[in-house]
Every structure is written in C-alpha cells, then in structure tokens.
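Here's the structure, in structure tokens; my notes come after.
In mature numbering (1 follows the signal peptide of the UniProt record, and there is no 0), the protein residues as written are -20 to -1, 1 to 193.
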C-alpha cells in the first residue's frame, strides 16, 4: 500500500477491504477505523495516478431530528457521496439517538443540539455507506459535530483502479479527512427539524488529501 499525504508519495500498507453490503434505511454500526489492515507482503511503491485526482462531491443532504417517543432513534443523516475518479456514487445514511436538549429558532439558518458542555460526536467511527462491498466501499464519519446544521465529515472511498495501479495493487483508497458541512434548517409544527444543503452551495467538495494502495 502507498500513502500520499497531501498527494505526495509515502509508503503504506496492503489493503484488504471486507465490508458487508448494507441494506437501505437501517441503523448502521460504525467501525472503529478505516477498512485497512497489515499483512506480511513486501511494500510496493508506484507513482501516483496518471490522471488528475478530482474532489469528492457531496449532494442531497438531509439531516433531521424527530420529536417522537415511539421511535428508537431521533436523529438521521442522508447524503449522496460521488467520486468522479471512479465515476461511481452511493447514498450514505445513519441513525442515532441524541439525548441532549434540542433548541431551534424556527428560521431557515439555525438549529442546534446542545448540552451543558459541548455536543458529543454522534457516531464514533467510520460507517459503511449503502451498497458497499469489497473491493469498493464508501465510508464516512463525523470528525466534529456542532449541531444539525454544522459539522465536519471524514470520507473514504476504496475501489479497484487497474489502469493506474496494476494488480495485485489495484485496490486504492482515497481520503478526504476534513470536509466542513453547513446546512440550513427549518422546524415544523410536528417537532421535526430538517436541514438541507442550499442549491447554491451544492455540491460540497471533499478535497482528497491522502491516497493508499
């Protein structure tokens, strides 16, 4: 595996991704780290991809809170994760329970979920997105979580690229480690806070700052 930090070449580890397929609209269990592990193979060094590396694109955000005691979760996130480098995309989603107090101003810009100190990160590790199956997996996690409208994501995409990385080192991982997301929210009379990405700000670009194979 090779590691390009800020797109510069560094040695890395060989990849074996074993993510199981994730059904739609189910609660996803986060992993504790990206789908990487070590093995005893000799490290293999190649030049970086011959094609320009393009940013990840994030669209169709829907982040919501529910005020309903009859459901087992009260927060959800959904968005479309596209990688122009592989010309593939998927839907990422997860549910979680937020026990903190929810407050909202009722306008189009502010909704916050806070406690007496600071908001907790709702998902502690990487989550596989819908349809992820080795060798191609999309993953995301929360780096920071200020409120439903403001947070930072970490993104990973593993896929087979035999054109730039000949077998047996064809499975590569692209990382965008710090992607800031800012949404606009509304609270309705039923107690639902729904946050979306304004069309003028779509797509959000996730700058790829590391690469493994």
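Glycine included, C-beta positions come from ideal geometry on N, C-alpha and C. Since this is a predicted model, take the numbers as computed values, not measurements.
Query                                                                                                                                           : Result
Check this for me: beta carbons of residue 36 and residue 62, under 9 Å apart or not?                                                           : yes
Can you tell me where the beta strand (DSSP E) holding residue 72 begins and where it ends?                                                     : 68 to 76
For residue 132, which residues does DSSP report across the bridge?                                                                             : 124 and 160
Judging by CA-CA distance, which residue of 121, 159 and 172 is the nearest neighbour of residue 183?                                           : 159
Examine the Cβ distances between the region 150 to 166 and the region 177 to 193 and report whether three or more of them are shorter than 8 Å. : yes
Could you tell me whether the region 138 to 148 touches the region 63 to 77, using the rule of 3 or more Cβ pairs below 8 Å?                    : yes
Determine whether the beta carbon atoms of residue 44 and residue 173 lie at a separation below 9 Å.                                            : yes
What distance in whole Å lies between the Cβ atoms of residue 136 and residue 155, which are believed to be in contact at a cut-off of 8 Å?     : 5 Å
Report the option in 46, 38 and 105 whose CA atom is closest to the CA atom of residue 168.                                                     : 46
To which residues does DSSP link residue 191 through a beta bridge?                                                                             : 154
Taking C-alpha atoms, which residue in 115, 191, 38 and 70 lies nearest to residue 181?                                                         : 38
I think residue 123 touches residue 153, with their Cβ atoms under 8 Å apart; what is that distance to the nearest whole Å?                     : 17 Å between Cβ atoms; not a contact.
Nearest by alpha-carbon distance to residue 72: which of 107, 115 and 130 is it?                                                                : 107
Under the three-state reduction of DSSP, which class applies to residue 170: helix, strand or coil?                                             : coil
Where residue 74 and residue 54 are concerned, what is the direct C-alpha to C-alpha distance, given to the nearest angstrom?                   : 11 Å
Alpha carbon to alpha carbon, what distance is there between residue 146 and residue 191?                                                       : 15 Å
Name the one or two DSSP bridge partners that residue 59 has.                                                                                   : 72
Would residue 88 be called buried (16 or more neighbouring beta carbons within 10 Å of its own) or exposed?                                     : Low local confidence applies: a pLDDT of 26 at residue 88 is under 50, so the model's placement there is unreliable, and no value is given.
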